[in-house]
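This report concerns only the one structure given below.
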Amino acid sequence: MDLTAVIIVEILYTIASLIIISSGLAVIFGMMKVINFAHGEFMMIGGYATIIAVKSGINIYVSILIIAPLVVGIIGVIIERLIIRHLYGRLVDTMLATWGISIVLIGLATMIFGNTTEGITTPISGWQIGDYRINGYNFFIIMIAILIVSLGYYLLKFTKLGLIARGAMQDPNVASSLGYNPDRIYMTTFFIGSAFSGMAGGILAPLVGLTPNWGTAYIAKAFITVVVGGPSIITGLLSSSTLFGSVNQIFSFITTPVWGEVALLVTAIILLRLLPKGITNSIFRGKL
Amino acid sequence: MQSISQKRLVSGVILALLAMYILPNFIEYSTLSLLIIYAILALSLGLIWGFGGILCFGQAAFFGLGAYSYAVFAVNIGESSIPFILAILTPALFALILGAIMFYGKLSDVYLGVITLVVTLILFRFANSTAGPEYAIGKARLGGFNGMPNFHTLNVPGMPDVYIWDLDFYYVCFILLIICFISLYFLIKSSFGRICIAIGQNEQRIELIGYDVRKYKTIFFGIGGGLAGLAGALYASWAEIVTPGLFSLSQSAEIIIWCIVGGVGTLSGPILGAVILGLLKYYLGQQSLVDNNLVIGSILVLFVLFLPNGLSPALANLWVKITVKTKSRRPNTRRKKVSRAVRGIHNE
Amino acid sequence: MSNIILETHNLSMKFGGVVAVDNVDFTLRENELRCLIGPNGAGKSTFFKCITGLHKPSSGNIYIQGEETTHWHTHEISHLGIGIKTQVPNVMDGLSVWENIWLSARRYNDVKNANRRVDSVIERIKIGDIAKRLVGELAHGQRQRVELAIVLAADPWLVILDEPAAGMTGVDVEIMIDIIKEINRHAAMIIVEHDMQFIKSIADQVTVFYQGSILMEDNVDIVLADQRVRDVYLGRKV
């Protein structure tokens, strides 16, 4: 009984962290069909921003939820204006350029922070369920994931901004023919997407030892979650995170975490082979 | 046309042979050997990307697989000839299977990128987790993140005790590079090669003509995998240790950067890119002022933005301009490189 | 009457809830030149894609020379000796005209015969002047002709063209008409076309598509004089 509860929490936590680490990439990919390979490094910067803010005495939640997204969002916009906007419509080139950016950011972080591990402690202590101990911070992560999904759903479904965004997702020309400057839309999207990446980094920072190349561990996972999810941002993110999170956790439980991860990746390959355009293009068509 | 380019090939090979003898006077031959291994690795991606339009984000998978296969078989067999051949065949076979999964599933560019990337990651994760004694193939323990040292390095075929090392190893690598280059040159000139190039440009047309595109792409991908495996086997012999780092994302990135910098759509480009960036990395490694990643990453961004066709076509154009200036009567009949069009298709 | 070379039975193609091709029975005989006409969205292009393997039909069967090809891949259908040209010029922009045609000729010939075959096709289509140019540098009409040359280089006995005159003007259309008539001397043809003038100058038998089904099938003069066909083209309900 206790064990079941622990496993369920663990699965929910894995799903939630997949949602959190993929949301930034999903926003940018869904709206602009751009794969931001620097996503992992945006997370890394978010992590450092949080750690620095906390160490300089700012409240940890403010650091995670406001400072990290803001810092990374601004950096994202600068990169979008300087580099990515010249490459719109050239999918492979944007992937390569953002890959380059990711390497540059690793290099910069190494020069600034050195190759040492930085960390802060989690703000919530854990508690006991029977013989097992659960990390309280996991609940915070699950909460945030629920918040991101419901907020995203609300914004897309019920606001004017969401309507424009949905139009732009269907066809980039729609927005401009309605009189909205596509440049502004792209910039805003990139800001929001980067901010999400930054927040993800901030949220995970207390759980890990941060190093400059920490982000590379996440890019592939986020990448497949988004791509397998398919064209609908929210349903796609939710369904692929649920699937991958469960697979990962169940296999980790049966064997070892390494095999859990391998199982996740193998599932991704099989899914892409069966549903080459993503889950939401085949099963949940027309959802948000 | 044919004879002009063949004359060029011959003069190129002669120049390369000259370079082979002269270069060790300027750069350490162990560094040179590594640069040449990189060049072969770059060729493997340059072939499938530049001529087949297949952008593989996980070329490192085949490189690492080649290196590991070599090491595993060398430990078990105790000489190098058979392991060397198996180190080419194993990744080639792996690439054929992976290629068949992807191309018979009609996956498009992005998904191709995802899958190749994910496969590399799986291998990386797996190789890292094999520290325990239960992970052994025959006598060879895979060794996890510490890697696998102590295997039989390259020897003269049939004579396991006569090792090929130092300067000799450098010559072997260089000659293998030349052989690869010439073979690929004739491969892309062959009917098979022309069909693959055409597939890279317009898959549907080739299908309408009646070729089984899936088959051609899979075989082409397999050749690329085998070539990367060859580079892996040489690398294993050079480094005398294989580690999971061979499968890493940064290794894959490096191969792509070599091709971009040198020029996608040419054979000389990837070699040029690998050598230049390999040297750059070597010199950057000797100072601590600027981080290596910062420079390499910036180079990638700048090339994508400003010189997407790479150095090789740019240098060729420059060469034409110079020769046209000196011999102004000579008409400029040079055909545009296919690379632009190939990349154009990608970007749609 | 000559032999049936291509036929469909109850061929249907649905996209989600939309029925693009609805239970079509179609037959084509040897040496025939058949035009498929109809207003936009009538299903003629979808029908073209079904019989050439570019779409997998939802139901029904396709037979080519008695053999069922319903679920065949495009390259297998093409391999039967069928030349296919899609609506947008489908060519290799980075290769020369000669190389483009060579790829097709090489499919069924060894290198030496392929070279010879390319030269003869180039002469037949009269594109000798642009043979060395890159296809990407050519004008639209020339690219269309290059694609026809690609189709012919494989020496097909059935040629299926989707809107060969689309986006062409004056002289180019004239040339296209001549080429099509010339091809028809050696091969049966199915031509999906929208332009009435063009159809008048080439067609003999015409099949009219409307809302996914065949509205009528007859000689071109009878079809064009038919009130229902006129209504369909003017957008009136039948």
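Just so you know, the sequences run in chain order A, B and C.
In terms of the numbering used here, the first sequence opens at residue 4 and continues consecutively.
In terms of the numbering used here, the second sequence opens at residue 981 and continues consecutively.
In terms of the numbering used here, the third sequence opens at residue 159 and continues consecutively.
No residue lacks a Cβ here, since even glycine has one placed at the ideal position from N, Cα and C.
This structure is a prediction, so every number in the text was calculated from the model and none was measured.
- Beta-bridge partners assigned by DSSP to T365(C): L194(C) and E375(C).
- Annotation: E121(A) is outside any beta strand (DSSP E) and is labelled neither H nor E by DSSP.
- Pairing V364(C) with K987(B), the inter-Cα distance amounts to about 56 Å.
- Under the 7 Å criterion on CB atoms, A1233(B) is classed as interfacial with respect to chain A.
- For D1141(B), the enclosing beta strand (DSSP E) covers residues M1139 to Y1143.
- Proximity of chain A to K1086(B) at the Cβ level (cut-off 7 Å) is accounted for by P279, in chain order.
- V249(C) reaches chain B at Q1181, N1182 and R1185, counting residues in chain order whose Cβ is nearer than 9 Å.
- Between M250(C) and R1185(B) the beta-carbon gap is near 6 Å, inside 8 Å, which marks them as a contact.
- Note that the C-beta distance between N1056(B) and K1119(B) is below 7 Å.
- A contact is defined here as three or more CB-CB pairs under 8 Å, and the region 145-156 of chain A meets this definition with respect to the region 20-29 of chain A.
- Not one beta carbon of chain B lies nearer than 7 Å to the beta carbon of A266(A).
- Taken in chain order, the complete alpha helix (DSSP H) segments of 4 residues or longer contained in the region 70-124 of chain A are 71-85 and 94-116.
- Contact between I1276(B) and I1221(B) is ruled out by a C-beta separation of about 23 Å, above the 8 Å threshold.
- Per DSSP, K172(C) lies in no alpha helix (DSSP H) segment; the continuous beta strand (DSSP E) that holds it begins and ends at I162 to F173.
- Secondary structure at N39(A): coil, using DSSP grouped into helix, strand and coil.
- For T232(C), the neighbours in chain B by C-beta distance under 7 Å run, in chain order, E1187 and L1188.
- Annotation for P126(A): I63 place their beta carbon closer than 6 Å to its own, counting only its chain and skipping 5 residues before and after.
- Between F1037(B) and G1093(B), the C-beta gap is smaller than 7 Å, which places the two residues in contact.
- For Y1191(B), the chain C residues whose Cβ falls inside 7 Å of its Cβ are H233 and R265, in order along the chain.
- Take the alpha-carbon of V1270(B) and the one of P1004(B): they are about 28 Å apart.
- Interface flag for H237(C) against chain B is set, since a Cβ pair is found closer than 7 Å.
- When the beta-carbon positions are compared, I31(A) and G196(A) come within less than 7 Å of each other.
- The residue among A311(C), D313(C), D336(C) and E188(C) with its C-alpha nearest the C-alpha of P322(C) is D336(C).
- Taking C-alpha positions only, V1142(B) is separated from L90(A) by approximately 54 Å.
- Under a criterion of Cβ atoms nearer than 8 Å, no residue of chain A is adjacent to S1292(B); the nearest Cβ is some 17 Å distant.
- DSSP, reduced to helix, strand and coil, places L278(A) outside both helices and strands of the structure shown, so it counts as coil.
- Judged by DSSP in its simplified three-state form, A1116(B) adopts strand.
- For M347(C), the beta-bridge partners assigned by DSSP are L191(C) and V317(C).
- Proximity of A1178(B) to chain C, defined by a Cβ-Cβ separation below 7 Å, is satisfied.
- 7 Å or more divides the Cβ of A1213(B) from the Cβ of A1054(B).
- Judged by beta-carbon spacing, I1020(B) lies within the 7 Å limit of A1211(B), meaning their Cβ atoms are closer than that value.
- The region 247-263 of chain C makes contact with the region 290-301 of chain C: 3 or more CB pairs, one atom from each, lie closer than 8 Å.
- With respect to V75(A), F45(A) sits close: the two C-beta atoms are nearer than 7 Å.
- Chain C has a Cβ within less than 7 Å of the Cβ of S1171(B).
- In the DSSP assignment, N219(C) falls within the beta strand (DSSP E) that extends over S217 to I222.
- Put simply, of G43(A), I48(A) and R84(A) the residue whose alpha carbon is nearest the alpha carbon of R187(A) is R84(A).
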